[in-house]
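*Asks:*
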Amino acid sequence: MSLRHFLTLLDLSSEELHQLIGRAVELKNWQKNGRIYEPLKNRVLAMIFEKSSTRTRVSFETGMVQLGGHAMFLSARDTQIGRGEPAEDSARVLSRMVDAIMIRTFEHDKIERFSEFSTAPVINALTDQFHPCQLLADMQTWFEHRGDIRGATVTFIGDGNNMCHSYINAARQFDFTLHVAAPAGYHPDPDIVAGAADCVRLFEDPVEASRDSDLVVTDVWASMGQEEEQREREKSFAGFQVNADLMRQAGKDALFMHCLPAHRGEEVSAEVIDGPQSVVWDEAENRLHAQKALLEFLLA
Ligand code: CP
Ligand code: NVA
1176 MSLRHFLTLL DLSSEELHQL IGRAVELKNW QKNGRIYEPL KNRVLAMIFE KSSTRTRVSF
1236 ETGMVQLGGH AMFLSARDTQ IGRGEPAEDS ARVLSRMVDA IMIRTFEHDK IERFSEFSTA
1296 PVINALTDQF HPCQLLADMQ TWFEHRGDIR GATVTFIGDG NNMCHSYINA ARQFDFTLHV
1356 AAPAGYHPDP DIVAGAADCV RLFEDPVEAS RDSDLVVTDV WASMGQEEEQ REREKSFAGF
1416 QVNADLMRQA GKDALFMHCL PAHRGEEVSA EVIDGPQSVV WDEAENRLHA QKALLEFLLA
C-alpha cells in the first residue's frame, strides 16, 4: 500500500472509516478474550508531544505493545524539536528510523509540513484545528451502543474548536446531521463548515440546537494553549453548560460524550457526565481499540 497519513478524517474514505470502526470492535473483543495478535512486531511508533496528554499517550503506547511493537515518547522539551529544529528536518530524520510518527502540536500547518517530508505514516494526535483520533473512538462508541449513526442528529455544544471541527468532518464521512451551538465569536472555522454545508447547522441557542438530538457532545471552553483566556471564556460560555435541563431537550435515549478531561460545573454538570446517559468511559477506552485499528491499517 502506498504511504498514507491520518491528519484529518478526510484522509480516509467513508468506506475505510466504517471498516476501521468495525475492526476496532473486533480487536477490542480479541483483547478482552485474551487473544494475542502481534502484527507489528519490531515496528516502532514515535510519539511527539508538544502538549500534555493522558489518554492519547497511554492508548497509543499500550496499543503498540499489544500489537507486538514499541512506542517511543518524545517530549518537545527534551528533543531538538523544542529547540526549533524545523519540522521538515525532524520528519526526514525520524521517518528513516521509525515506522510511524504520531504528533500532538499547536498549528495544524506544522503537522502538514511534517507529513510532506515524512516517509512514514503520520498520525494527528491533536492540533489546534483537529482531533481525528478522538472521533474514531467516539464513532466506535456510538456504533457499539446504538448501531449505525447514519441519519442521526448530533449536537455539539461549546467552542468551535478542534473537537467541533472533527465532528464536522465526521458528519460528512458518517452521514449524520450535526448541530453546533456556540456563542457569537466562537463558531467553527467557516471553511470547514462550508465543506460540510449539507450536514451542519449552526445555532447560538443551545436549547434549540439540542432539541430531539440523539447524541449531545461538549468539550472544554478553553483548550490547551488558551489558558489565559479561561476567565473571559467562562463569561462567554455561560448558558452553554450541558446539564440535566439541556439533556431533557434531547431525545429520551440520547447519549452524552466528552473527549475528556472534563470540568464539572463548567461545560458539563456532574449530574450529566456521571449520569446514565453518559458513555464517556467507554469513549475513553475506545481510544485504545480504535487507534490499534488505525495503526494496523497504516502499518500492517
Ligand atoms: N481526549 C484526549 O485526547 O485526552 P488527552 O489529552 O488526555 O490525551
Ligand atoms: N479541545 C481540547 C481537547 C483536549 C483533548 C484541547 O485542545 O485542549
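Convert by adding 1175 to the 1-based position in the sequence shown; the result is the number in the numbering used here. C-beta: ideal position from N, C-alpha, C; glycine also.
1) With a Cβ-Cβ cutoff of 9 Å, do P1363 and N1336 count as a contact?
2) In the structure shown, what three-state DSSP assignment does A1221 receive?
3) Any heavy atom of ligand 2 closer than 8 Å to the CB of M1222?
4) For N1461, count neighbouring C-beta atoms within 10 Å of its own C-beta (all shown protein chains included) and say buried if the count is 16 or more, exposed if not.
5) Measuring CB atoms only, is the stretch 1431-1447 touching the stretch 1403-1416, in the sense that at least three cross pairs come out at less than 8 Å?
6) Between which two residues does the beta strand (DSSP E) carrying I1298 extend?
7) Output the boundary residues of the alpha helix (DSSP H) element that contains I1276.
8) Could you have a look at L1177 and say whether DSSP puts it in helix, strand or coil?
9) May I ask you to check if the CB of Q1309 is nearer than 8 Å to at least one heavy atom of ligand 1?
10) Can you list, in chain order, the residues of its chain whose CB lies under 6 Å from that of A1356, leaving out five sequence neighbours each side?
11) According to DSSP, is S1385 part of a helix, a strand, or is it coil?
12) I'd like to know whether the C-beta atoms of A1369 and L1184 end up nearer to each other than 9 Å.
13) Smallest Cα separation from A1371: which of S1398, R1271, F1351, K1207?
14) For the stretch 1390-1460, which segments carrying the beta strand (DSSP E) assignment without a break, of at least 3 residues, lie completely within its bounds, in sequence order?
15) Who are the near neighbours of I1367 in its chain, counting only those whose CB is closer than 7 Å to its CB and skipping five residues on each side?
16) Assuming D1313 and M1432 make a contact with CB atoms under 8 Å, what is their CB distance in whole Å?
17) So for F1292, helix, strand or coil by DSSP?
18) Which first and last residues belong to the alpha helix (DSSP H) in which I1367 is found?
19) Give every residue of the same chain whose Cβ lies closer than 8 Å to the Cβ of S1290, excluding the five residues on either side of it in the sequence, and list them in chain order.
20) So, for D1389: in the same chain, excluding its five sequence neighbours on each side, which residues have a beta-carbon less than 7 Å away from its beta-carbon?
21) Look up S1250 in the DSSP assignment and say whether it is helix, strand or coil.
22) From what residue to what residue does the beta strand (DSSP E) around T1316 run?
23) For I1324, report the span of its beta strand (DSSP E) as first-last.
24) Rounded to the nearest angstrom, what separates L1215 and C1308 at their Cα positions?
25) Counting Cβ pairs, one atom from each stretch, are 3 or more of them under 8 Å apart for the stretch 1201-1217 and the stretch 1452-1470?
26) When you measure from the CB of T1393 to every non-hydrogen atom of ligand 4, does any distance come out below 8 Å?
27) Taking just the CA atoms, how far does E1263 sit from S1293?
28) Using 9 Å as the threshold, is the C-beta distance between E1225 and T1280 below it?
29) If you draw a straight line from the C-alpha of A1413 to the C-alpha of A1397, how long is it?
*Replies:* Taking the geometry as given:
1) Cβ atoms of P1363 and N1336: closer than 9 Å.
2) Strand.
3) Proximity of the beta carbon of M1222 to ligand 2 is not indicated: no heavy atom of the ligand is located closer than 8 Å.
4) Using a 10 angstroms sphere on the CB of N1461, the tally of other CB atoms reaches 16 or more, which defines it as buried.
5) Yes, the stretch 1431-1447 touches the stretch 1403-1416.
6) For I1298, the uninterrupted beta strand (DSSP E) run begins and ends at 1297-1299, by DSSP.
7) Where I1276 is concerned, there is no enclosing alpha helix (DSSP H), although the beta strand (DSSP E) it sits in stretches over 1275-1279.
8) Looking at the sequence itself, residue 1177 is Ser, so the reference to Leu does not match. Here S1177 sits in coil by DSSP.
9) The answer is yes for Q1309.
10) Within the same chain, I1332, F1378, P1381, A1384 come within 6 Å of A1356 by CB-CB distance, once the 5 residues on both sides are set aside.
11) Three-state DSSP puts S1385 in a helix.
12) Contact flag unset, no.
13) Considering only alpha carbons, the answer is F1351.
14) Whole beta strand (DSSP E) segments, 3+ residues: 1390-1393, 1430-1433.
15) Its chain contains H1340, I1343 as the residues whose beta carbon lies nearer than 7 Å to that of I1367, once the 5 sequence neighbours on both sides are disregarded; these appear in chain order.
16) Contact annotation, D1313 with M1432: C-beta distance approximately 6 Å; criterion of less than 8 Å satisfied.
17) Assigned with DSSP and collapsed to three states, F1292 falls in helix.
18) That run of the alpha helix (DSSP H) goes 1365-1369.
19) These residues qualify, in order along the chain: H1180, L1182, A1266, V1297.
20) Closer than 7 Å at the Cβ level, and outside the excluded window around D1389, lie A1327, T1328, V1329, G1426, A1429.
21) Of the three classes helix, strand and coil, the one that applies to S1250 here is strand, per DSSP.
22) Looking at the DSSP string, T1316 is not in any beta strand (DSSP E); the run it does join, the alpha helix (DSSP H), is 1307-1321.
23) Counting along the chain, I1324 falls outside any beta strand (DSSP E), and DSSP gives it neither H nor E.
24) Separation of L1215 and C1308 (C-alpha to C-alpha, rounded to the nearest whole angstrom) is 19 Å.
25) Counting C-beta pairs closer than 8 Å gives three or more between the stretch 1201-1217 and the stretch 1452-1470, which meets the contact rule.
26) Questions concerning ligand 4 fall outside what the structure shown contains, since the ligands it does hold are ligand 1 and ligand 2.
27) One C-alpha to the other measures close to 8 Å.
28) It is a contact, given that the beta carbons lie within the stated cut-off.
29) In this structure, the CA atom of A1413 is about 13 Å from the CA atom of A1397.
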